[in-house]
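Take 1073 as the starting number for the sequence shown in the numbering used here and just add one per residue.
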Amino acid sequence: GGGQYLKMLDIGMKVEPLVLNKDTNNRTYYKSCIITKPDSGIKTFADLKGRTFSFVSPTSTSGGVAPTYMLLKNKIDPDKDFKRKIFAGKHDASFLAVKNGKVDAGAVGDFYFWRWKDRGIFKMEKYDEPNDKLINAELRIVACQKVPNTPMVIDSKYGQDYINKVRKAFLSLPEKTANAYKMWPSTGFVPASHKDFEDLAEMAELKKKIKAAQKKKK
1073 GGGQYLKMLD
1083 IGMKVEPLVL
1093 NKDTNNRTYY
1103 KSCIITKPDS
1113 GIKTFADLKG
1123 RTFSFVSPTS
1133 TSGGVAPTYM
1143 LLKNKIDPDK
1153 DFKRKIFAGK
1163 HDASFLAVKN
1173 GKVDAGAVGD
1183 FYFWRWKDRG
1193 IFKMEKYDEP
1203 NDKLINAELR
1213 IVACQKVPNT
1223 PMVIDSKYGQ
1233 DYINKVRKAF
1243 LSLPEKTANA
1253 YKMWPSTGFV
1263 PASHKDFEDL
1273 AEMAELKKKI
1283 KAAQKKKK
């Protein structure tokens, strides 16, 4: 995701975003969601203190960077305020950890809600995405953070003329071709720039600052 693009910049790679994927709902974004069971008693960020929590991985955008940002902005320190935290490794694993009661709450990408329903492993009537609500579902959303869809990137060494041609090629792809990679269904692409990832960069920067401050205190 976008978190990996920012990581590439962070380690000195010279890359440029080309396009953002449009999903089957024509969204150029997705959401990182913190989920819990309806009967967990967790309704606010404050309720997460002293509970168990599942991330996907530290570098996952929707399963690591964005939920950490949400937690820190709401005065929850993942390293101190949870009874226990785990890195499940995959969105499916984080989801199942919450569903099966192994943890009290967890982070996942919202694009999986429909997939889990289609696979028959998640009961929900509807996902009310604008209002961050799962209707008549096994799980409940505590909070969500919007993040840009996964970008296609290119090495900056190729020069702007070539980069523009590659971007144009992506933008001209017919929907059937854009949707050929079934793991990430798509209806096409829109132009992308670094500006699309400024909020995500802020999330990552906040995480760095807090970690640095914690090290100084030790």
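Where is the CB? At the ideal position from N, CA and C, for every residue including glycine.
The closest CA to that of I1158, considering only D1182, I1148, Y1141, P1130, is found on P1130. Counting C-beta atoms within 10 angstroms of its own C-beta, M1275 has 16 or more neighbours from the protein chains shown and is therefore classed as buried. With the rule of 3 Cβ pairs closer than 8 Å, the region 1144-1154 does not count as touching the region 1203-1211. In this model, Y1077 and A1138 are separated by some 14 Å (Cα to Cα). Residue range 1212-1220 is occupied by the beta strand (DSSP E) that includes R1212, with no alpha helix (DSSP H) assigned at that position. Taking all protein chains in view, the Cβ of A1284 is surrounded by fewer than 16 other Cβ atoms within 10 Å, so the residue is classified as exposed. Close CB contacts of K1079 within its chain, under the 7 Å cut and outside five residues either way in sequence, are with T1131 (chain order).
According to DSSP, Y1184 shares a beta bridge with no other residue. Secondary-structure assignment with DSSP links D1227 through a beta bridge to V1087. If you compare the alpha carbons of I1106, H1163, T1116 with that of W1188, the shortest gap goes to H1163. With respect to the 8 Å criterion, L1090 and I1226 are classified as neighbours on the basis of their beta carbons. For T1124, the closest C-alpha among the options K1218, G1178, A1165 is that of G1178. Counting only the Cα atoms, A1165 lies some 12 Å from G1173. Listed in chain order, the non-local C-beta contacts of K1198 below 6 Å within the same chain comprise I1207, local neighbours out to five positions each way being set aside.
In terms of Cβ geometry, M1142 and I1106 form a close pair [threshold 8 Å].
Residue state for N1093 is assigned as strand, using DSSP reduced to three classes.
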